[in-house]
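In the working numbering, the protein residues as written are 62 to 357.
A short worksheet on the structure shown next.
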């Protein structure tokens, strides 16, 4: 069974190539092949009023490690199984939409305010909105761009001056404001969920930043979360329609979990090294079983 591994043309560093290799080797273990292709190597369009691939033959399935939503949607429209789905990737890529969707199932998460969409003639964030943010969340609070990865563009805001400055800087950029969870300063739990089950977990910690991301200097080690953490991670993955994902959970003041973020194509290399668990193999086994059911 021949599939594609789709990645972004702008992500071709050694780090990403190592991850791709893991998936390719894991696919072999399931008697499948994966052809790595960047999104720029696949040309989609409309021909004779139908969706078409202009320079490739259709694969049996796609492992979609990109965020090119229109490409994923086109492949699905051509009846190609795509993992994760375009809808699930789109929801996870937008932090505001992700938290909105999680709230439809009342899943535990920090209090969140989504910035209003403001057109170009509005040059600053309205003061009345800033006042409501302060009243609801108080200081310190967290600001995040809605689109971003690796903990970039995530800021701890200490006072009104900082809040005004960054809100005005981001006035035309989608972003959110969140409750600061002090009990989880510099630590979180990353849980990998595949096919509705927890397959690997790590505790991430930082001694010099409120963010625990390894990219920002945090360290991770294998961790066995309690049932509350596992159940919340599984529920989040299910609500967002994900076949596989990495769920980042914070510790609240009662040491109970609260959802920080859900990653539709979470990196697997560091987690696999820290835990000794081949997360790629778990994902490819799940995809194989899903496809076998589809074609039985």
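Cβ atoms here follow ideal geometry from the backbone N, Cα and C, with glycine treated the same way.
Quiz item: With burial defined as no fewer than 16 other Cβ atoms inside 10 Å of the residue's Cβ, what is the status of residue 241: buried or exposed?
Solution: With 16 or more other Cβ atoms within 10 Å, it is buried.
Quiz item: Excluding five sequence neighbours on each side, which residues of the same chain lie with their C-beta closer than 7 Å to the C-beta of residue 162?
Solution: If the five residues before and after residue 162 are omitted, its C-beta is found closer than 7 Å to the C-beta atoms of 152, 300 and 301, all from its own chain and listed in chain order.
Quiz item: So what does DSSP say about residue 362, is it helix, strand or coil?
Solution: Residue 362 falls outside the range modelled here, since the chain spans only 62 to 357, and no answer is possible.
Self-check item: Cβ neighbour criterion (16 or more within 10 Å) applied to residue 213
Solution: Counting Cβ neighbours within 10 Å, residue 213 comes out exposed, since fewer than 16 surround it.
Self-check item: Limits of the unbroken beta strand (DSSP E) element including residue 205
Solution: For residue 205, the enclosing beta strand (DSSP E) covers residues 202-206.
Practice problem: Identify whether residue 126 lies in helix, strand or coil by the three-state DSSP scheme. | Solution: Assigned with DSSP and collapsed to three states, residue 126 falls in coil, not helix or strand.
Quiz item: With DSSP run on the structure shown, which of helix, strand or coil describes residue 62?
Solution: Of the three classes helix, strand and coil, the one that applies to residue 62 here is coil, per DSSP.
Quiz prompt | Straight-line Cα distance separating residue 204 from residue 250 | solution = Distance from the CA of residue 250 to the CA of residue 204, rounded to the nearest whole angstrom, comes to 20 Å.
Quiz prompt | Distance CB(residue 115)-CB(residue 67) smaller than 9 Å | solution = Taking 9 Å as the Cβ cut-off, residue 115 and residue 67 do not qualify as a contacting pair.
Quiz prompt | Which of helix, strand or coil DSSP assigns to residue 108 | solution = When secondary structure is reduced to three states using DSSP, residue 108 falls in the strand class.
Self-check item: Separation of residue 297 from residue 200, as counted between CA atoms
Solution: Linking residue 200 to residue 297 through their CA atoms gives a straight-line distance of about 28 Å.
Quiz item: Whose C-beta lies closer than 6 Å to the C-beta of residue 112 among residues of the same chain, with five residues either side of it excluded?
Solution: Result list for residue 112: 135, 138 and 139, in chain order.
Self-check item: 8 Å contact criterion, which residue 260 and residue 281 should meet: CB distance rounded
Solution: The C-beta separation of residue 260 from residue 281 comes to about 16 Å, leaving the pair out of contact by the 8 Å criterion.
Quiz item: Once you ignore the five residues that flank residue 174 on each side, which residues in its own chain have a CB closer than 8 Å to its CB?
Solution: The residues 193, 194, 197, 198, 237, 238 and 239, in chain order, have a CB closer than 8 Å to that of residue 174 in the same chain once the five nearest residues on each side in sequence are set aside.
Quiz item: Within the present structure, is the beta-carbon of residue 349 separated from the nearest heavy atom of the ligand PLP by less than 8 Å?
Solution: Looking for the ligand PLP in the displayed structure turns up nothing, as the structure carries no ligands at all.
Quiz item: Using CA coordinates, which residue listed in 320, 223 and 158 is at the minimum distance from residue 308?
Solution: Nearest option by C-alpha distance: 320.
Quiz item: Three or more C-beta pairs closer than 8 Å, one from the segment 142-156 and one from the segment 119-133: is that the case here?
Solution: The segment 142-156 vs the segment 119-133: in contact.
Quiz item: Is it buried or exposed for residue 76, if we count other Cβ within 10 angstroms and need 16 for buried?
Solution: Residue 76 is exposed by the Cβ-count criterion.
Quiz item: Considering only the beta carbon of each residue, do residue 235 and residue 155 sit closer than 9 Å?
Solution: A distance below 9 Å separates the beta carbons of residue 235 and residue 155.
Quiz prompt | residue 216 to residue 97 span [Cα, whole Å] | solution = For residue 216 and residue 97, the distance between alpha carbons rounds to 35 Å.
Self-check item: Own chain partners of residue 348 with C-beta closer than 6 Å, once the 5 adjacent residues on each side are dropped
Solution: Closer than 6 Å at the Cβ level, and outside the excluded window around residue 348, lie 144.
Quiz item: Can you tell me whether residue 315 is buried or exposed, with buried defined as 16 or more other CB within 10 angstroms of its CB?
Solution: So residue 315 ends up on the exposed side.
Practice problem: Under the assumption that residue 228 contacts residue 247 (Cβ atoms under 8 Å), give the Cβ distance between them as a whole number of angstroms. | Solution: Rounded, the Cβ-Cβ distance is 25 Å, inconsistent with contact.
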